[in-house]
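When the sequence shown is numbered by the numbering used here, its final residue is 471 and no position is left out of the sequence of numbers.
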Amino acid sequence: MPAVVVVGMQFGDESKGAVVDYLAEWADLVVRYNGGSNAGHTVVANGEKYKLHLMPSSVVRGKRGVLGAGVAFDPEVFLEELRDLKSRGRNIDVLVSLKAALLLPYHKELDSAISGGRLGTTKRGIGPAYQDKMARVTGLKVADLFSPRFPQRLKEVLEIKENELRNAGILTGDVEEYYLKLLAKAEEWRNSLSAFIGDDHLEVNEAIAEGKFVVFEGAQGTMLDVDHGTYPFVTSSNPVAGGACTGAGVSPLAIDFVVGVMKAYTTRVGKGPFPTELSGDIADYIRDRGGEYGTTTGRPRRVGWLDLPMLRYSAMINGIGYLAIRKLDVLSGLDRVKVAVAYEIDGEEVRIAPPYVDELEKAKPIYEELEGWKVNDWNEFVKGGWSSLPEEVKNYVSFIEREVEAKAILIGVGPDREMTIPTPHLREIIPL
Ligand code: IMP
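Structure, rendered in structure tokens:
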């Protein structure tokens, strides 16, 4: 069985959660490799909706999940999700990497105070936590939480961070008191978390060596990657497929396939360039039908037409051979559907998106129009399968496949697990 990376091709929110949940039927292990509770992975199973922020999407099926070393681990969110999922009858089987970066309450407060407004972050503390990880002298890992030296390490970290926390108005009183409060919280977390922590690298690599089906679940999307996205309007981790290697501790040679998840149109939440952005009636139509409001923040998402230059860039960076195309139902009812096939930048035609903010702001999309589709009830097509779909839908999918040079394995026509329609290409990655 293969090792597959599921990666977002756009600005996040592509429905990776639904795709991972679909593949999890056959998976032995699902591994989150980047980001933290800034993610909002929605899984709808048997009419029940699960909004997961930190947990791997495997938990809905009760499958084994891992939070890898590349994750920014917030104990408060993890324990809250754990309580919520358990109260809904889910059996949670998750391993948290000892190497994951520890995200503390002050990271969330710093995010709100500093980067939140300027970059439009989710205010989940992601940037400040990775900042401390990279600074090393102020970073703590999950392993530190379980070390007898934790009190000393936390003290040293606070010595360095005290001024920053005071300047941001987060620490106003006595630093010793603040320290003791954090220490008490850490004690609580340790007790509740001890059953979940361990050596993720051993478990993941052994699973691959034993030929198990391992799915690496990316959070956010390629265009939000700190190195390859629209910097500085990006997240602080590596959502790209390569992030699975660094974030989970596996060799690039261990990955068999990369599945790119994309919406049938484009959305973006937060600031940053967006060449195919729409406003007015069509934007409202897509936003309302697609429920395009942030899972983590509730903010209305910006919406736009499909952007092929961006998808080609993404396919190249990630080595995408297969696609999961979601939310085709949302575009239903439009007479014509536009797709940006290239950009014009300074009079030149550009086919692969340059990820630089200045270039993207100048980019004028060159559109092609395709025939729209009008379907009110998708159930007959779900029953009839891929071949029964309206020609216009199949044309739209084939057009994308040709332009991006990748094969669709799944299409999504609704949020429910049942509304995912496999194509014959699915067999190329899963021996069904
Ligand atoms: P941060 O990851 O909270 O630092 O936010 C940085 C940027 O990434 C902001 O524009 C966020 O809206 C965006 N972002 C972070 N996580 C997600 C996600 O899971 N889906 C979509 N956008 C995200």
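Every residue, glycine too, gets a C-beta built ideally from N, C-alpha and C.
Below-8 Å beta-carbon distance, residue i vs any chain D residue
i	result
A66	Of the protein chains in this structure there is only one, and it is not chain D.
Beta-carbon spacing of residue i, residue j below 8 Å
i	j	result
A363	V300	yes
F252	D67	yes
L124	M173	no
L141	F185	no
E398	R375	no
V105	E249	no
S276	C284	no
G164	V110	no
E201	V214	yes
R341	R307	yes
A445	I247	no
G237	L373	no
P271	L158	yes
A152	A108	no
D150	T160	yes
G101	R122	no
V279	T305	no
I469	W425	no
A182	L137	yes
Y382	A354	no
I384	H267	no
I131	V98	yes
D368	G423	no
A258	R103	no
P114	L232	yes
Boundaries of the alpha helix (DSSP H) in which residue i is found, first to last residue
i	result
T486	Residue coverage of the chain in this structure runs from 40 to 471, which leaves residue 486 outside it and unanswerable.
G166	I165 to A174
Y72	Taken as a continuous stretch (DSSP letters only), Y72 belongs to no alpha helix (DSSP H), as it is neither H nor E.
S126	P114 to S126
T285	G281 to A287
K147	P144 to L149
P190	F189 to N206
V43	Segment A42 to G47 is the beta strand (DSSP E) holding V43; no alpha helix (DSSP H) there.
L62	K55 to L62
V181	V181 to L184
Expected contact under 8 Å - CB spacing of residue i and residue j to nearest Å
i	j	result
T315	D346	5 Å
P312	Y352	13 Å between Cβ atoms; not a contact.
A57	R365	7 Å
G337	V297	Actually they do not touch by this definition, with Cβ atoms about 31 Å apart.
D239	G282	Actually they do not touch by this definition, with Cβ atoms about 14 Å apart.
V46	V254	Going by Cβ atoms, the distance from V46 to V254 rounds to 11 Å, so no, they are not a contact pair.
L222	L193	6 Å
A303	L370	5 Å
V69	E256	6 Å
N73	G286	5 Å
H464	I448	5 Å
T335	H146	Incorrect: roughly 15 Å between the Cβ atoms, too far for contact.
V378	Y406	7 Å
A84	R456	5 Å
S427	F438	Going by Cβ atoms, the distance from S427 to F438 rounds to 19 Å, so no, they are not a contact pair.
F189	A234	So it is not a contact: roughly 18 Å between Cβ atoms.
Residue range of the unbroken beta strand (DSSP E) whose run includes residue i
i	result
E87	E87 to L91
I321	Element bounds for I321: not the beta strand (DSSP E) but the alpha helix (DSSP H), D320 to G329.
G212	Per DSSP, G212 belongs to no beta strand (DSSP E) and is neither H nor E.
V297	F296 to K302
V82	H80 to A84
V133	V133 to S136
L449	K446 to G451
L106	G104 to L106
G343	R341 to G343
T306	T305 to R307
Residue i Cβ short of 7 Å to the ligand HEM heavy atom set
i	result
M262	The ligand HEM is not part of this structure, which contains only the ligand IMP.
*Note down, one range per segment and in chain order, each alpha helix (DSSP H) of at least 4 residues found wholly within the segment 226 to 269.*
239 to 248
_Beta carbon nearer than 5 Å to a non-hydrogen atom of the ligand IMP_ = G51, D52, N77, A78, G159, T160, T161, I165, G166, Q259, L263, T274, V308 and G309
*4-residue-minimum alpha helix (DSSP H) runs that sit fully inside the segment 353 to 432, ordered along the chain*: 396 to 401 and 418 to 423
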